[in-house]
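**Q** Can you keep this structure in mind? I'll have questions shortly.
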Amino acid sequence: MLDEKVVKLLNQQVNKELYSAYLYLDFSNFYYDQGLDGFGNWYKVQAQEERDHAMLMIQYLQNNGERAVLEAIDKPSVPTDSAKAVLAEGLKHERYVTSLIHDLYDAAHSVKDFRTMQFLDWFVKEQGEEENNADSLVKKFELFGDDPKSLYMLDNELGARAYTPPSLTL
Numbered sequence: 515m516l517d518e519k520v521v522k523l524l525n526q527q528v529n530k531e532l533y534s535a536y537l538y539l540d541f542s543n544f545y546y547d548q549g550l551d552g553f554g555n556w557y558k559v560q561a562q563e564e565r566d567h568a569m570l571m572i573q574y575l576q577n578n579g580e581r582a583v584l585e586a587i588d589k590p591s592v593p594t595d596s597a598k599a600v601l602a603e604g605l606k607h608e609r610y611v612t613s614l615i616h617d618l619y620d621a622a623h624s625v626k627d628f629r630t631m632q633f634l635d636w637f638v639k640e641q642g643e644e645e646n647n648a649d650s651l652v653k654k655f656e657l658f659g660d661d662p663k664s665l666y667m668l669d670n671e672l673g674a675r676a677y678t679p680p681s682l683t684l
């Protein structure tokens with residue numbers, strides 16, 4: 515049986531992950547509208563990853579006899595003024611999600627819920643990768659965004675990203 519606070523935070527995280535998927539679909543739509551299909555693809559894949567993160571948490575709750583509680587998902591309200599601003603908002607959002615995962619891990623640690631901590635270890639590592647990827651995109655855009663040929667090459671690179679489901683086993 516999981517601690518009540520841990521269950522509450524896991525359920526909140528499910529909904530935050532689903533919001534992240536919505537947010538990244540919104541970013542994807544923005545980039546497709548701008549003719550940057552590679553960037554659009556990159557964020558579409560990112561949205562799929564976030565959805566899977568929510569599904570993993572739902573499965574974890576269910577495997578531990580807990581009910582996953584789904585709430586309404588807010589419409590993304592992040593301004594999409596420019597391609598560079600969207601990337602910066604993506605990095606900001608990943609840092610926020612990292613803080614949520616850390617809070618969840620801390621709650622599990624405080625009640626010595628080692629099984630949940632072990633489950634969350636994957637998410638801690640994943641968030642490190644997510645922040646690194648988002649930071650790399652910002653830096654690359656700052657380097658290449660003003661040069662049409664370089665931006666074209668970066669867009670093509672991002673267009674090659676393919677979805678790979680997470681390899682976490684519960």
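Note that the numbering used here has the sequence shown beginning at 515, numbered continuously upward.
All C-beta atoms in this analysis are idealised placements derived from N, C-alpha and C, irrespective of residue type, glycine included.
Is it the case that the Cβ atoms of Gly673 and Asn543 are separated by a distance below 8 Å?
**A** no
**Q** My output table needs one value for Gly579: the three-state DSSP class, helix, strand or coil.
**A** coil
**Q** Is the Cβ-Cβ distance between Leu605 and Phe655 less than 8 Å?
**A** Not a contact, by the Cβ cut-off of 8 Å.
**Q** Leu665 lies in the alpha helix (DSSP H); which residues open and close that run?
**A** 662-673
**Q** Looking at the structure shown, is Gly549 part of a helix, part of a strand, or coil, going by DSSP?
**A** coil
**Q** Within a Cβ cutoff of 8 Å, which residues of the same chain sit near Gln562, ignoring the five residues on either side of it in sequence?
**A** Closer than 8 Å at Cβ, skipping near neighbours: Ala535, Tyr677.
**Q** Less than 8 Å between the C-beta atoms of Leu516 and Glu580, yes or no?
**A** yes
**Q** Report buried or exposed for Glu643, applying the criterion of at least 16 other Cβ atoms within 10 angstroms of its Cβ.
**A** exposed
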